[in-house]
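S.K.: Protein sequences, first through last, are from chains A and B. Letter by letter, the first sequence follows residues 1 to 333 of the numbering used here. Letter by letter, the second sequence follows residues 1 to 210 of the numbering used here.
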Amino acid sequence: MEYLYIILSEIYKILFLLIPILVSVALIVWFDRRVWGLVQKRRGPNVVGPFGLFQTLADALKYIFKEIIIPASANKVIFILAPIVTMTLALIAWAVIPFSETFILSNINVGILYIFAISSLGVYGIIMGGWASNSKYPFLGSIRSAAQMISYEVSIGIIIVNVLLCVGSLNLKDIVLAQQKIWFIIPLFPMFVIFFISALAETNRPPFDLPEAEAELVAGYQTEYSGMMYAMFWLGEYANILLMCALGSVLFLGGWLSPINLFPFNLLPPAIWMILKILLLFLLFALIKAIVPRYRYDQLMRLGWKVFLPFSLFWVILTASFLYYFDMLPNNI
Amino acid sequence: MVAHAIFFYFFSIIAVFAAVMVIVSKNTVHSVFYLILDFISISCLFIMIGAEFLGMIMLIVYVGAVAVLFLFVVMMLNVSQQKHEIFKEKIFSSHIPFGLLIGVIIFLELIIVIGGWKYKPNIIETESINIDKDFTNTHAIGSVIYTDYIHLFQLAGVILLVAMIGAIVLTYRKREGVKRQSYFKQISRERNEGVELIEVESNKGVNLDD
Chain A
1 MEYLYIILSE IYKILFLLIP ILVSVALIVW FDRRVWGLVQ KRRGPNVVGP FGLFQTLADA
61 LKYIFKEIII PASANKVIFI LAPIVTMTLA LIAWAVIPFS ETFILSNINV GILYIFAISS
121 LGVYGIIMGG WASNSKYPFL GSIRSAAQMI SYEVSIGIII VNVLLCVGSL NLKDIVLAQQ
181 KIWFIIPLFP MFVIFFISAL AETNRPPFDL PEAEAELVAG YQTEYSGMMY AMFWLGEYAN
241 ILLMCALGSV LFLGGWLSPI NLFPFNLLPP AIWMILKILL LFLLFALIKA IVPRYRYDQL
301 MRLGWKVFLP FSLFWVILTA SFLYYFDMLP NNI
Chain B
1 MVAHAIFFYF FSIIAVFAAV MVIVSKNTVH SVFYLILDFI SISCLFIMIG AEFLGMIMLI
61 VYVGAVAVLF LFVVMMLNVS QQKHEIFKEK IFSSHIPFGL LIGVIIFLEL IIVIGGWKYK
121 PNIIETESIN IDKDFTNTHA IGSVIYTDYI HLFQLAGVIL LVAMIGAIVL TYRKREGVKR
181 QSYFKQISRE RNEGVELIEV ESNKGVNLDD
């Protein structure tokens with residue numbers, strides 16, 4: 001009976017987090033397309049519902065009723081598993097994101113490592129999808145994507161080290177609380193820029209959307225997918241983008257903290273501040289998609305390995321020396 | 001305690017099953033996927049004994065990087081073609097004695113390791129190890145690695161560096177006739193050095209390559 005109570009209350013908490021995330025993924029897709037349209041002087045989706053808000057729901061409904069086609073030569077089990085893996089991994093990483101000092105699903109000590117591990121697992125959904133389709137375009141797309149995600153994970157890892165040096169803890173809650181005096185975007189601004197660009201590459205967003213470059217690879221690893229399975233890839237992708245925005249706001253923008261701890265600002269609940277920061281970062285993601293042309297593949301690899309990696313390594317040494325020399329290392333070390 | 005036992009058996013059964021399937025499954029790509037499943041369940045076991053840092057590092061390093069490279073290599077093989085042929089070839093049977101030898105050596109090593117417990121039975125009791133309960137797992141590992149074992153730790157780093165440089169040296173070859181692009185040159189080009197207006201005499205043409 002006791003176990004049952006614990007399990008039920010946990011499930012309640014998980015649903016309380018997951019359902020808003022899934023709904024906001026639907027809204028964020030609309031937002032993305034809308035911003036994209038407005039930048040290009042189009043209207044974007046504006047027909048279904050007020051301001052076109054229900055466009056994504058209509059699309060999802062369409063996907064549900066479409067037939068799922070499995071190619072005859074595909075490896076069936078892995079082909080079906082791939083979108084499931086993508087979506088599950090995109091959703092379970094939200095377990096450690098803090099929305100306020102108390103509203104964290106699980107406040108674990110190695111929260112940042114957990115997110116890093118889950119996002120490094122994300123590449124499997126794409127590799128599995130590409131390989132199991134047993135066709136050329138998906139395979140090339142998945143290989144490109146795997147190389148790209150591994151390369152940019154390295155620089156994201158080193159950027160995280162920068163932040164951790166200033167915090168002295170792997171706990172996401174401690175990371176946010178360490179930014180009460182100053183948000184890390186101010187002392188670590190170059191790292192924030194690199195993190196943002198690496199996050200674009202990590203989530204396969206333009207200008208780094210080479211795995212699904214439609215002019216070269218049809219739709220990359222998604223070519224053979226249809227119906228609900230395609231929609232799951234799609235949901236997972238946008239949930240991942242939101243996760244990267246949330247990670248960016250936790251690491252650099254002070255998470256749930258209000259910009260100034262004064263009267264009109266601290267009236268808003270902390271979770272609202274967190275959501276506003278995620279939306280701000282997502283707006284940047286959407287604008288970049290509309291503005292910047294796609295990178296060539298060798299340029300992408302050069303940027304990851306020859307520019308970002310040495311520069312962020314240099315910055316780690318700089319941060320560490322600065323903290324050590326001015327005796328500003330966090331107390332709990 | 002019951003929940004703990006249930007989770008332990010759940011993860012360890014998956015780990016053992018996946019480990020067997022790595023060897024048994026005929027499709028190489030499937031083997032790698034089972035290997036990944038094995039890594040994941042082992043890291044779950046690490047987390048269950050409270051070694052959360054090790055568990056996460058296991059996920060990041062082995063599953064996130066090493067297994068992806070495995071998969072990379074294995075996916076390039078033409079699996080359907082060689083599925084049955086490799087067992088028929090003669091080269092395959094010549095590997096058997098060597099494989100058996102390695103198997104026996106590993107088996108003996110495992111016996112020696114297990115035998116070690118007989119001579120020091122309290123080696124696995126956690127009370128014989130000094131653990132400060134206030135420290136987190138990560139903190140404890142760091143305070144040992146960067147003080148008592150700093151030389152070994154750096155030695156491991158140097159060995160990895162040597163292996164990396166070795167791999168690059170072995171695979172890097174300078175190929176003739178490859179045009180390299182210089183980003184500085186591409187960006188710093190001006191119009192007057194890129195475009196040239198040439199008066200072409202009729203019936204003679206121009207030779208553009210020089």
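Backbone N, C-alpha and C define an ideal beta-carbon position, used for all residues, glycine too.
Is it buried or exposed for Met-379 (chain A), if we count other Cβ within 10 angstroms and need 16 for buried?
M.R.: Residue 379 (chain A) lies beyond the residue range present for chain A, which begins at 1 and ends at 333; the question has no answer from this structure.
S.K.: Contact between the stretch 129-141 of chain A and the stretch 290-306 of chain A: three or more CB pairs below 8 angstroms?
M.R.: Short answer: they don't touch.
S.K.: Val-110 (chain A) by DSSP, collapsed to three states: which one?
M.R.: Coil.
S.K.: On the three-pair Cβ rule with 8 angstroms, is the stretch 101-108 of chain A touching the stretch 68-78 of chain A?
M.R.: No, they do not touch.
S.K.: Exposed or buried, what is Val-169 (chain B) when buried is set at 16 or more other beta-carbons lying within 10 Å of its beta-carbon?
M.R.: When all chains shown are included, Val-169 (chain B) counts as exposed.
S.K.: Give the secondary structure of Trp-256 (chain A) by DSSP, where H, G and I count as helix, E and B as strand, and everything else as coil.
M.R.: DSSP places Trp-256 (chain A) in coil when its eight states are reduced to three.
S.K.: So with Cβ pairs under 8 angstroms, would you call Tyr-114 (chain A) a contact of chain C?
M.R.: Checking the listed chains, one finds no chain C in this structure; the protein chains it contains are A and B.
S.K.: Say whether chain A places a C-beta atom closer than 8 angstroms to the C-beta of Phe-53 (chain B).
M.R.: At least one chain A Cβ lies under 8 angstroms of Phe-53 (chain B).
S.K.: Quick one: complete alpha helix (DSSP H) runs, 4+ long, within the stretch 241-302 of chain A?
M.R.: Correct list: 270-291 and 297-302.
S.K.: Are the beta-carbon atoms of Pro-211 (chain A) and Ile-80 (chain A) separated by less than 8 angstroms?
M.R.: Cβ distance not < 8 angstroms, so Pro-211 (chain A) and Ile-80 (chain A) don't count as in contact.
S.K.: Using a Cβ cut-off of 8 angstroms (strictly closer), state whether Trp-305 (chain A) contacts chain B.
M.R.: Chain B, which has no Cβ nearer than 8 angstroms to the Cβ of Trp-305 (chain A), makes this no.
S.K.: In or out: Arg-175 (chain B) buried (at least 16 other Cβ within 10 Å) or exposed?
M.R.: Under this definition Arg-175 (chain B) is an exposed residue.
S.K.: Interface residues of chain B around Glu-153 (chain A) at Cβ under 9 angstroms?
M.R.: Residues of chain B passing the Cβ test: Ile-60, Gly-64 and Ala-65.
S.K.: How close, in whole Å, do the beta carbons of Tyr-124 (chain A) and Met-228 (chain A) come, if the pair is a contact with beta carbons under 8 angstroms?
M.R.: Not confirmed; about 20 angstroms, so no contact.
S.K.: Would Ile-156 (chain A) pass as a contact of Val-250 (chain A) if the rule is Cβ separation under 8 angstroms?
M.R.: No, these two residues do not count as a Cβ contact at 8 angstroms.
S.K.: Give, in chain order, every residue of the stretch 101-113 of chain A whose Cβ lies closer than 8 angstroms to some Cβ of chain B.
M.R.: Listed by position, the residues of the stretch 101-113 of chain A near chain B (Cβ gap below 8 angstroms) are Ile-108, Asn-109, Val-110 and Leu-113.
S.K.: Give me the Cα-Cα distance between Glu-202 (chain A) and Ile-185 (chain A), rounded to the nearest whole angstrom.
M.R.: Distance between the alpha carbons of Glu-202 (chain A) and Ile-185 (chain A): 20 angstroms.
S.K.: Please confirm if the stretch 309-321 of chain A is in contact with the stretch 265-281 of chain A, defined as three or more CB-CB distances below 8 angstroms between the two stretches.
M.R.: No contact exists between the stretch 309-321 of chain A and the stretch 265-281 of chain A.
S.K.: By Cβ distance, which residues of its chain are closer than 6 angstroms to Val-161 (chain A), with the 5 residues on each side in sequence left out?
M.R.: Once the five neighbours on either side are set aside, the close Cβ partners of Val-161 (chain A) are Val-316.
S.K.: For Gly-129 (chain A), is the classification buried or exposed, using 16 other Cβ atoms within 10 angstroms of its Cβ as the cut-off for buried?
M.R.: The residue in question, Gly-129 (chain A), is buried, as its Cβ has 16 or more Cβ neighbours within 10 Å.
S.K.: Is the stretch 1-15 of chain B in contact with the stretch 34-45 of chain B, if contact means three or more CB pairs nearer than 8 angstroms?
M.R.: Result yes; three or more Cβ-Cβ pairs closer than 8 angstroms.
S.K.: Is it buried or exposed for Asn-137 (chain B), if we count other Cβ within 10 angstroms and need 16 for buried?
M.R.: Buried, by the Cβ-count rule.
S.K.: Just checking: is the beta-carbon of Val-68 (chain B) within a distance shorter than 8 angstroms of some beta-carbon in chain A?
M.R.: Chain A contact via Cβ: present.
S.K.: How about the stretch 108-117 of chain A and the stretch 262-275 of chain A: do they share at least three Cβ pairs that are nearer than 8 angstroms?
M.R.: At 8 angstroms Cβ cutoff, the stretches do not touch.
S.K.: Does the beta carbon of Ile-70 (chain A) come closer than 8 angstroms to any beta carbon on chain B?
M.R.: It does not: the Cβ of Ile-70 (chain A) has no partner Cβ on chain B nearer than 8 angstroms.
S.K.: Quick one: what does DSSP say Ser-143 (chain B) is sitting in, helix, strand or coil?
M.R.: Three-state result, Ser-143 (chain B): helix.
S.K.: Alpha carbon to alpha carbon, how far is His-30 (chain B) from Ser-133 (chain A)?
M.R.: Approximately 15 angstroms between the Cα atoms of the pair.
S.K.: Just to make sure I have the definition right: I need the residues of chain B whose C-beta is within less than 7 angstroms of the C-beta of Ile-194 (chain A). Which are they?
M.R.: Going along chain B, no residue has its Cβ under 7 angstroms from Ile-194 (chain A), so there is no contact; the nearest lies around 18 angstroms.
S.K.: Does chain A have any CB closer than 8 angstroms to the CB of Leu-45 (chain B)?
M.R.: Not an interface residue.
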